[in-house]
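Visitor: Take this structure first; my questions come after.
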Amino acid sequence: MSGHSTYQPQSRFLQWFEKRLPLGSLIHSSFVAYPTPRNLNYLWTFGAILTFMLAVQIVTGVVLAMHYTPNVDLAFKSVEGIMRDVNFGWLLRYLHANGASMFFLAVYIHMFRGIYYGSYKEPREVLWILGVIIYLLMMATGFMGYVLVWGQMSFWAATVITNLFSAIPGVGDAIVTWLWGGYAVGNPTLNRFYSLHYLLPFVIAGVVVLHIWALHVAGQNNPTGIEPKSEKDTVAFTPYATIKDAFFMGVFCIVFAWFVFYIPNFLGHADNYIPANPAVTPSEIVPEWYYLPFYAILRSIPDKLMGVIALFASIVVLAFIPWLDTSRVRSARYRPLFRQFFWLWVIACIGLGWLGSKQPEGIYVILSRIFTVYYFAFFLIIMPLLGIFEKTKPLPNSISDSVLGAKA
Amino acid sequence: MTTVSSAEHTRRDFLYIATGAVGAVGAAAALVPLIAQMNPDASTIAAGAPIEVDLAPVTDGQIIKVFWRSKPIFIFHRTQKEIEEARKVDVASLPDPEPDSERVKQGHDQWLVVIGICTHLGCIPLAHQGEYDGWFCPCHGSQYDTSGRIRKGPAPRNLALPPYKFVSDTKIQIG
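Sequence order for the protein chains is A and B.
Numbering of the first sequence is given in this note's numbering, commencing with residue 1 and proceeding in unit increments.
Numbering of the second sequence is given in this note's numbering, commencing with residue 409 and proceeding in unit increments.
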């Protein structure tokens, strides 16, 4: 559904170039003339924000790599060197560390948006699954980046997460030794994590290109969840979407800058300013905030293997929701029951995040179990059944009708 | 040009399949070094040679921590009371049933030698803590008794025993 390109280069050079590589008309049809639904709200600006955050992470990361040393004796020191000695090193590192948090904040809003408005439904299944793959890659990248600092939390996060694989019956221990390159987390582990942490963002960038490609084939969803039917339903990407994206990116950057300049360590953990010590586990270890809900799911199940399976299942289940959701109405706007269950699910996700930061005892364990059950029930029971039992509200005739009010 | 019907197998089909098979074997063989390079290297394995530990300075009730193959090894000089605690429990009621006598060397009942890594997700449990006078893991709340056996919490197995032997009454070799 790329827009009809009316791109006509003015200069002789661009005309010459266009005949040999039609880059100009690709950009023009994808980001200028491309028709976007006229009713997109600010939740649709997060795609652009995420692309921007990926660029921020790659640029600051490449620069930090010029000053960082991936060796168990030097890693922590080199990070402190970046903070104290390297010109603007503190800024670059705080941008990178808080940038990861902002990246995850944006991706969670993006995913909640997708689920609320049914953006995963036919014909956008592949687009959605590519998004789930990007999210998995982000989790792996974020985790390995956190290990590179080589503080206490880094070391023990690496130990706990790699040990998840020891739950696999039979070959678990061999896999963990292979991941470590030794008998425990150590220098070989740090080296390979550094290599992969540098690689994966570029893999993400590649999948992002596929994600955007799939988006431009299916066209954007919109708050009504009905497809554009006429030219009245759409506006050109530029200037409408471009300006809206740019404006909200600015707003988002204010939040980002507030973290970087005022509370740069708020989302981190004080223990990670203690150099890694393989002999002592910190008295409480918690992952970064963006992994907390999954950590709570892991801990809510008293059996090790089942806990690990639940952890991975809670992410993998996302890839199946295009088929688990049987309703033909996309947007929660016209699905009164789905909307309530959705908000309960958001509460469960945030609740699990809060519980993931608590000690696993007493009421916290019981609450984690309730939320974990609901988390899975939402996808596996509620989504399939609602499509059959829910009485949806009437859909508007078109996007422009819903915006301007039906005049017929 | 006439097109050859593909209904029957031709010698060309055979060549296609044979070429593809050789290519697949080659690709699989190329994966071997790429995967094997991630396993522990020669220097890591060499550094994992057996070590000797002198037990003479370890007093009653003390737990010391030594490192072997980058893993912490707990050496627990148990008091009479702690040995009895470990022995009087009904073995069948344990999550990972194992009598205390099988976890120590015969004639050296006071010495418990275990790998100090929680069998849940690899944290190092804290000594002399928890409800069973053994270890308490701060990560996810697993509790071990004076025999290093799991009693409570998410860990599936007892603390593992490293390979070791008594060289003399006051010296052990681990590995």
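Every residue, glycine too, gets a C-beta built ideally from N, C-alpha and C.
Helix, strand or coil: how does DSSP classify Phe379 of chain A here?
Guide: Translated into the one-based positions of the first sequence, residue 379 of chain A becomes position 379. Phe379 of chain A falls in the helix class under three-state DSSP.
Visitor: Could you spell out the range, first to last residue, of the alpha helix (DSSP H) harbouring Pro360 of chain A?
Guide: Here residue 360 of chain A refers to the residue found at position 360 of the first sequence. Careful: Pro360 of chain A lies outside any alpha helix (DSSP H) and carries neither H nor E.
Visitor: Could you check what DSSP says for Arg339 of chain A in three-state terms: helix, strand or coil?
Guide: Locating residue 339 of chain A in the first sequence gives position 339, counting from the first residue. In this structure, Arg339 of chain A counts as helix in the three-state DSSP scheme.
Visitor: Hey, out of A:Ser368, A:Glu288 and A:Thr60, whose CA is closest to Pro349 of chain A's CA?
Guide: To locate residue 349 of chain A, count along the first sequence from 1; it is residue 349. What sits at residue 349 of chain A in the sequence shown is Cys, not Pro. Among A:Ser368, A:Glu288 and A:Thr60, the Cα nearest to that of Cys349 of chain A is on A:Ser368.
Visitor: Assign Val499 of chain B to one of two classes, buried (16 or more other C-beta atoms within 10 Å of its C-beta) or exposed (fewer than that).
Guide: For the purposes of this step, residue 499 of chain B is taken as the residue at position 91 of the second sequence. Exposed, since its Cβ has fewer than 16 Cβ neighbours within 10 Å.
Visitor: Just mark Asn272 of chain A as buried or exposed, buried being the case when its beta carbon has 16 or more other beta carbons within 10 Å.
Guide: What you label residue 272 of chain A is simply residue 272 of the first sequence in a count that begins at 1. Looking at its Cβ environment, which holds 16 or more other Cβ atoms inside 10 Å, Asn272 of chain A is buried.
Visitor: Note the first and the last residue of the continuous alpha helix (DSSP H) segment covering Gln57 of chain A.
Guide: Locating residue 57 of chain A in the first sequence gives position 57, where the first residue counts as 1. Run containing Gln57 of chain A: Phe46 to Ala65, per the alpha helix (DSSP H) assignment.
Visitor: Give a yes or no on whether the C-beta atoms belonging to Ile274 of chain A and Gly151 of chain A are separated by under 8 Å.
Guide: Residue 274 of chain A sits at position 274 when you count from the first residue of the first sequence. Residue 151 of chain A sits at position 151 when you count from the first residue of the first sequence. A contact, by the Cβ cut-off of 8 Å.
Visitor: Quick one: list the residues of chain A neighbouring Asn566 of chain B, beta-carbon separation under 8 Å, in chain order.
Guide: Counting from 1 along the second sequence, the entry for residue 566 of chain B is found at position 158. Result: empty, since nearest Cβ-Cβ is about 13 Å, beyond 8 Å.
Visitor: Gly307 of chain A touches chain B at which residues, Cβ-Cβ below 8 Å?
Guide: For this step, residue 307 of chain A is matched to residue 307 along the first sequence. Ordered by position in chain B, the residues that pass the 8 Å Cβ test against Gly307 of chain A are Pro562.
Visitor: Verify whether the separation of the beta carbon atoms of Ile115 of chain A and Phe342 of chain A is less than 8 Å.
Guide: Taking the first sequence and counting its residues from 1, the one referred to as residue 115 of chain A is at position 115. Taking the first sequence and counting its residues from 1, the one referred to as residue 342 of chain A is at position 342. The answer is yes: Cβ separation under 8 Å.
Visitor: Rounded to whole angstroms, how far is the Cβ of Tyr194 of chain A from the Cβ of Pro70 of chain A, which I believe are closer than 8 Å?
Guide: Here the question's residue 194 of chain A lines up with position 194 in the first sequence. Here the question's residue 70 of chain A lines up with position 70 in the first sequence. Yes, Tyr194 of chain A and Pro70 of chain A are in contact; Cβ-Cβ is about 4 Å, under 8 Å.
Visitor: Please decide whether Asn41 of chain A counts as near chain B, where near means a Cβ-Cβ distance under 8 Å.
Guide: The sequence position of residue 41 of chain A within the first sequence is 41, counting from 1. Closer than 8 Å: no.
Visitor: Out of A:His28, A:Lys77 and A:Phe104, state which residue places its alpha-carbon closest to the alpha-carbon of Ala276 of chain A.
Guide: Here residue 276 of chain A refers to the residue found at position 276 of the first sequence. Of the listed residues, the one whose Cα sits closest to Ala276 of chain A is A:Lys77.
Visitor: Count the other C-beta atoms from every protein chain shown that fall within 10 angstroms of the C-beta of Thr45 of chain A, then say buried if there are 16 or more, exposed otherwise.
Guide: Counted from its first residue, the first sequence places residue 45 of chain A at position 45. By the neighbour-count rule (16 or more Cβ atoms within 10 Å), Thr45 of chain A is buried.
Visitor: Specify the secondary structure class of Thr177 of chain A as computed by DSSP and reduced to three states.
Guide: As a working mapping, residue 177 of chain A is identified with position 177 in the first sequence. It is helical.
Visitor: How is Ser25 of chain A classed by DSSP in three states: helix, strand or coil?
Guide: Residue numbering aside, residue 25 of chain A sits at position 25 when the first sequence is read from its first letter. Helix, per DSSP.
Visitor: So with Cβ pairs under 8 Å, would you call Thr578 of chain B a contact of chain A?
Guide: Position 170 of the second sequence, counted from the first residue, corresponds to residue 578 of chain B. No, because no Cβ of chain A sits closer than 8 Å to the Cβ of Thr578 of chain B.
Visitor: What residues from the region 519-536 of chain B come within 7 Å of chain A, judged by C-beta to C-beta, listed N to C?
Guide: Of all residues in the region 519-536 of chain B, His528, Leu529, Gly530, Cys531 and Ile532 have a Cβ within less than 7 Å of some Cβ in chain A.
Visitor: Report the residue from B:Gly530, B:Cys526 and B:Gly469 whose alpha carbon sits nearest the alpha carbon of Arg486 of chain B.
Guide: The residue you call residue 486 of chain B lines up with position 78 of the second sequence. For the residues B:Gly530, B:Cys526 and B:Gly469, the minimum Cα distance to Arg486 of chain B belongs to B:Gly469.
Visitor: By Cβ distance below 7 Å, which residues in the same chain neighbour Gly3 of chain A in space, the five residues on each side in sequence not counted?
Guide: On the first sequence, position 3 is the one that residue 3 of chain A refers to. Residue placement at Gly3 of chain A is poorly supported in this model, since its pLDDT is 47, which falls under 50; the coordinates are not used for a value here.
Visitor: Looking only at its chain, what residues have a beta carbon closer than 7 Å to the beta carbon of Asp517 of chain B, apart from the 5 residues adjacent to it on each side?
Guide: Counted from its first residue, the second sequence places residue 517 of chain B at position 109. Taken in chain order, the residues that qualify are Ile491.
Visitor: At a CB distance below 9 Å, what residues from the region 458-486 of chain B approach chain A? Give them in sequence order.
Guide: Going along the region 458-486 of chain B in chain order, one finds Lys473, Phe475, Trp476, Arg477, Ser478, Lys479 and Pro480 with a Cβ nearer than 9 Å to chain A.
Visitor: Under 8 Å between beta-carbons, which chain A residues line up against Gly456 of chain B? List them in chain order, please.
Guide: For the purposes of this step, residue 456 of chain B is taken as the residue at position 48 of the second sequence. Neighbours of Gly456 of chain B on chain A, chain order: Tyr183.
Visitor: What residues are listed by DSSP as bridge partners for Met236 of chain A?
Guide: Reading the first sequence from its first residue, position 236 is the one you call residue 236 of chain A. The sequence given here places Ala at residue 236 of chain A; Met does not occur at that position. Answer is A:Pro35.
Visitor: Classify Phe252 of chain A as helix, strand or coil using the three-state DSSP reduction.
Guide: To locate residue 252 of chain A, count along the first sequence from 1; it is residue 252. DSSP places Phe252 of chain A in helix when its eight states are reduced to three.
Visitor: Would you call the region 472-482 of chain B and the region 443-462 of chain B touching, i.e. three or more CB-CB distances under 8 Å?
Guide: Result yes; three or more Cβ-Cβ pairs closer than 8 Å.
Visitor: Can you list, in chain order, the residues of its chain whose CB lies under 6 Å from that of Asp504 of chain B, leaving out five sequence neighbours each side?
Guide: Here the question's residue 504 of chain B lines up with position 96 in the second sequence. Hits under 6 Å: Ile558, Arg565 and Asn566.
Visitor: Provide the residue span of the alpha helix (DSSP H) that contains Ile453 of chain B, from first to last.
Guide: The sequence position of residue 453 of chain B within the second sequence is 45, counting from 1. Run containing Ile453 of chain B: Ala450 to Ala454, per the alpha helix (DSSP H) assignment.
Visitor: Leaving aside the five residues before and after Pro546 of chain B along the sequence, list all residues of the same chain whose C-beta is less than 7 Å from its C-beta, in chain order.
Guide: Residue mapping note: residue 546 of chain B aligns to position 138 of the second sequence, counting from 1. Cys531 and Leu534, listed in sequence order.
Visitor: Give the single residue among A:Leu95, A:Ile58, A:Trp213 and A:Phe371 whose Cα lies nearest to the Cα of Leu199 of chain A.
Guide: Working through the first sequence from its first residue, we reach residue 199 of chain A at position 199. Minimum Cα distance to Leu199 of chain A is reached at A:Ile58.
Visitor: Ignore the nearest five residues each way along the sequence and tell me which others in Ile129 of chain A's own chain have a CB closer than 6 Å to its CB.
Guide: To locate residue 129 of chain A, count along the first sequence from 1; it is residue 129. So the list reads Ala319, once near-sequence residues are dropped.
Visitor: When the cut-off is 8 Å and only beta carbons count, does Val171 of chain A lie next to chain B?
Guide: For the purposes of this step, residue 171 of chain A is taken as the residue at position 171 of the first sequence. No, Val171 of chain A lies away from the interface with chain B (no Cβ there is under 8 Å from its Cβ).
Visitor: Contact between the region 250-268 of chain A and the region 60-70 of chain A is defined here as three or more beta-carbon pairs at a separation below 8 Å; is this criterion met?
Guide: Taking 8 Å as the limit for Cβ pairs, the verdict is that the region 60-70 of chain A does not touch the region 250-268 of chain A.
Visitor: Alpha carbon to alpha carbon, how far is Gln359 of chain A from Asn265 of chain A?
Guide: Locating residue 359 of chain A in the first sequence gives position 359, counting from the first residue. Locating residue 265 of chain A in the first sequence gives position 265, counting from the first residue. Rounded to the nearest angstrom, the two C-alpha atoms are 22 Å apart.
Visitor: Taking the beta carbon of Val176 of chain A as the centre, do at least 16 other beta carbons fall within 10 Å, making it buried, or is it exposed?
Guide: In the first sequence, counting from the first residue as 1, residue 176 of chain A sits at position 176. Looking at its Cβ environment, which holds 16 or more other Cβ atoms inside 10 Å, Val176 of chain A is buried.
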